[in-house]
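Below: one structure, written as structure tokens.
Number of protein chains: 2
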Amino acid sequence: MTPHWLELAQQARKRIQPHLPEPTPLLRSAPLSEKTGLDIYLKLESRQPTGAYKVRPALNGILANLDEAKKRGVLTTSSGNFAQAVAWAAQRLGVHACIAMTDDTAPYKVERTRALGAEVVFCGTTFESRFETVKRLEKERGSLVLHGFDSVETIAGDGTIALELRAQLGEVTPFTVISPASGGGMISGIAATLAAIDPSRYEVLGFQPERGGAIVKSLHAGERTNVGKVHSIADALVASIPGERTFELIRKHCAGFECVSEERIQQALLHLVEEEKLWVEPGGAVSVAGLLSNKLRPSHRTVVCILSGGNLDPRILEQVLRAQ
Amino acid sequence: MTPHWLELAQQARKRIQPHLPEPTPLLRSAPLSEKTGLDIYLKLESRQPTGAYKVRPALNGILANLDEAKKRGVLTTSSGNFAQAVAWAAQRLGVHACIAMTDDTAPYKVERTRALGAEVVFCGTTFESRFETVKRLEKERGSLVLHGFDSVETIAGDGTIALELRAQLGEVTPFTVISPASGGGMISGIAATLAAIDPSRYEVLGFQPERGGAIVKSLHAGERTNVGKVHSIADALVASIPGERTFELIRKHCAGFECVSEERIQQALLHLVEEEKLWVEPGGAVSVAGLLSNKLRPSHRTVVCILSGGNLDPRILEQVLRAQ
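Residue numbers (the numbering used here), protein chains in the order written: chain A, 2 to 325; chain B, 2 to 325.
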């Protein structure tokens, strides 16, 4: 049976609302609106607790199975933002969290995850070894596994962004969402929810770093394609392969999907910092990079660029500024 | 005759509204609210064109005397933000702008001002030499002089922030405003406007860097006091002496005024960048520094910290991060 994504997103909203009582800000960008001749809005998921939208799926995943989570703990793997989000949500809900991180994870990300009370287990260096470690630990401990992008609860948690955007822009306003993507959780949650409301009124466009581009390559190939280890300045977008669920939802519900260059991501990052005065991480800037790339023309006049995260390493910004 | 500051602010709003159609965002800060037990909001003047609230007084000053400005040009002096704001407003309105800047002004600030079409005249290194140069040029050219903080048009332009806050928070909500201050233009504009509406419902608290502290020292002395050349990380707040008008308004309408240390400003800057994901300059962070200093307790539960500017030099942020 196909899940009813609108109902699932509404359920998720009810669950997470007590913990995230306010919608993240939606700011109109005067410079981007002027540049494009459209009405460009920025959705500041960077201002969520732990600095990324990931608290939505983390909370929904735990709350959907709270008794089980309390008994057996939760288990996941993440390159950074989902790790902190799960640690934060678990701490809040009195649940033990164990996070599998690759050996080459930046030390400050490990520290932040531990500072939120989570146990960190290292698991080699590949995207695959992360999931193997999760499987092993699941067997050993029986913990509740939270998938960073491909579970129903994760996608539904991400879908709450779509509900918030409708409330903020007015329920009758048609709009285009431009979203960064890695494994495809956020974008498929938004796209599936909006499609369940009214596919004629909403459009979702996706972008990912061309170093990687697992979803774009999978769409071209007509099947999920593994692109191997990904190295991009957008270090939150390093999934080697889209999820099974997310790939199907993207195929069905996204109107366009393209890659952006590292240079374009850097340009978008500088725009956000210097012109918009916002602290955004490179992965979060990929939506604006996509807009500025002109590779896909939005069908609607009102356009929302999701700034998915704000965990910018100041050293990365330094490098980008020096390279100017 | 005492100017009627509410009417003047309303006039200013009418003048500048076509050029600044949207209010700057007012975002609730969850971490600061949690930390203080109050409802803390951040007013993002950092997101104005040219990155600071100064476009309000710049536009109002020129528009109040547009014919004269068009004929004879405008003339001002500024350490940075007012220079860019006047250049931007003048360019928009087809007016020649000449800005007197000290010889030690950061080259990128000079470049940005020139890039907006203004003529830059260098004028020695002291706060006084700036005003002497303006007087000389006024005589030679007959240009319209715009004062950065002490003219009626400037203070009324700054007063539009108060009108915006009332509209954003609801007209019946009592609130406290915490504002950074240098020569006192912004804070006296806000305080005079709110006092003209209802002094019992609003409270304005001011903070400035203790390296400097011209207003605080003047209040203690009971008269305007010149503190000499000011060097602070908050490089937008370097006035040596408050204005005549601003000092009187502050005396009458501010409920408290204190200094904050350089360390406290750095701490506030890091909070804004790392926790709030906002790009704010040190001068703009002085309101949050004041809040975190606990030197003045707001009387109202709803508190607005004005983030007056966002022109943060990345090298300054680098230094602050390294010093941690």
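Note that beta-carbon positions come from the ideal geometry of N, C-alpha and C, so glycine has one too. Remember, it's a predicted structure, so these values are computed and weren't measured experimentally.
Taking the beta carbon of A/LYS15 as the centre, do at least 16 other beta carbons fall within 10 Å, making it buried, or is it exposed? exposed
Contact list for A/SER47 against chain B, beta-carbon separation under 8 Å: LYS278
So the alpha helix (DSSP H) B/THR37 belongs to, where does it begin and stop? 31-37
Which runs of the beta strand (DSSP E) at least 3 residues long sit entirely within the segment 86-111 of chain B? Give them in chain order. 98-102
Who pairs with A/ILE179 in a beta bridge, going by DSSP? A/LEU206 and A/CYS306
If the cut is a Cβ gap below 8 Å, which residues of chain B does A/LEU322 touch? By Cβ distance, chain B contributes PRO315.
Would you say A/VAL56 faces chain B, with C-beta separation under 8 Å as the test? no
Looking at chain A, which residues of the segment 22-39 of chain B have a Cβ within less than 8 Å of any of its Cβ atoms? Across the segment 22-39 of chain B, CB contacts with chain A closer than 8 Å involve GLU23, PRO26, LEU28, ARG29 and ALA31, in sequence order along the chain.
Helix, strand or coil for B/PHE258? Go by DSSP, reduced to three states. strand
Which ranges does the alpha helix (DSSP H) cover as unbroken runs of at least 4 residues, wholly within the segment 189-242 of chain A, from first to last along the chain? Look at the segment 189-242 of chain A and you find these whole runs of alpha helix (DSSP H), each 4 residues long or longer: 215-222.
Closer than 7 Å by beta-carbon distance: list the chain B residues that pair up with A/VAL274, in chain order. TRP280, listed in chain order.
The alpha helix (DSSP H) spanning A/LEU337 covers which residue range? Past the boundaries of the shown model lies residue 337 of chain A; chain A is included only from 2 to 325, so the question cannot be answered.
Shortest alpha-carbon distance to A/CYS255 belongs to which of A/ARG212, A/VAL122, A/GLU8 and A/SER300? Nearest of A/ARG212, A/VAL122, A/GLU8 and A/SER300 to A/CYS255, Cα basis: A/SER300.
Compare the C-beta of B/LEU318 against all C-beta atoms of chain A and say whether one is closer than 8 Å. Closer than 8 Å to some Cβ of chain A, the Cβ of B/LEU318 qualifies, so yes.
Going along chain B in order, which residues have a C-beta closer than 9 Å to the C-beta of A/GLY171? What A/GLY171 touches in chain B: nothing, since even the nearest Cβ is about 16 Å away.
Spatial neighbours of A/ILE41 within its chain, please: C-beta separation below 6 Å, excluding the five flanking residues on both sides. SER30, LEU33, SER34 and VAL304
So B/VAL121 is in the beta strand (DSSP E); what residue range does that whole segment cover? 120-123
When B/VAL274, B/LYS278, B/THR114 and B/HIS20 are compared against A/ARG48, the one with the closest alpha-carbon: Taking only the C-alpha atoms, the option nearest A/ARG48 is B/LYS278.
What residues from the segment 285-312 of chain B come within 8 Å of chain A, judged by C-beta to C-beta, listed N to C? GLY311
Report, in whole angstroms, the separation of the C-beta atoms of B/ALA182 and B/PHE208, which I expect to be a contact under 8 Å. 7 Å
List, in order along the chain, the chain B residues whose C-beta lies closer than 7 Å to that of A/GLY52? LYS278
Within 10 angstroms of the Cβ of B/PRO58, are there 16 or more other Cβ atoms? Answer buried if so, exposed if not. By the 10 Å Cβ count, B/PRO58 comes out buried.
Select from A/HIS221, A/SER144, A/PHE258 and A/GLY171 the residue whose C-alpha is nearest the C-alpha of A/GLU120. It is A/SER144.
Can you find at least 3 beta carbon pairs, one from the segment 132-140 of chain B and one from the segment 60-67 of chain B, that sit closer than 8 Å? As far as the Cβ criterion goes, the segment 132-140 of chain B does not touch the segment 60-67 of chain B, which means the pair count is below three.
Which of helix, strand or coil does DSSP assign to A/ALA59? helix
Pick helix, strand or coil for A/VAL146, following the three-state DSSP scheme. Strand.
Given a threshold of 16 other Cβ atoms within 10 Å of its Cβ, counted over all protein chains shown, does B/HIS232 qualify as buried or as exposed? By the C-beta density criterion, B/HIS232 is exposed, having fewer than 16 other C-beta atoms within 10 angstroms.
Who does A/LYS44 pair with in a DSSP beta bridge? A/LEU27 and A/ILE307
Beta carbon of B/ALA354, beta carbon of B/LEU60: below 8 Å? Only positions 2 to 325 of chain B appear in the structure, and residue 354 of chain B is not among them; the question remains open.
So for A/VAL153, helix, strand or coil by DSSP? helix
Below 8 Å between beta carbons: does that hold for A/ILE317 and A/VAL287? no
Just how far apart, CA to CA, sit A/GLY125 and A/ASP104? When the Cα atoms are used, A/GLY125 and A/ASP104 turn out to be separated by approximately 5 Å.
Looking at the structure shown, is A/VAL281 part of a helix, part of a strand, or coil, going by DSSP? coil
Indicate whether the contact test is met: 3 or more Cβ pairs, each with one atom in the segment 186-205 of chain B and one in the segment 220-234 of chain B, closer than 8 Å. no
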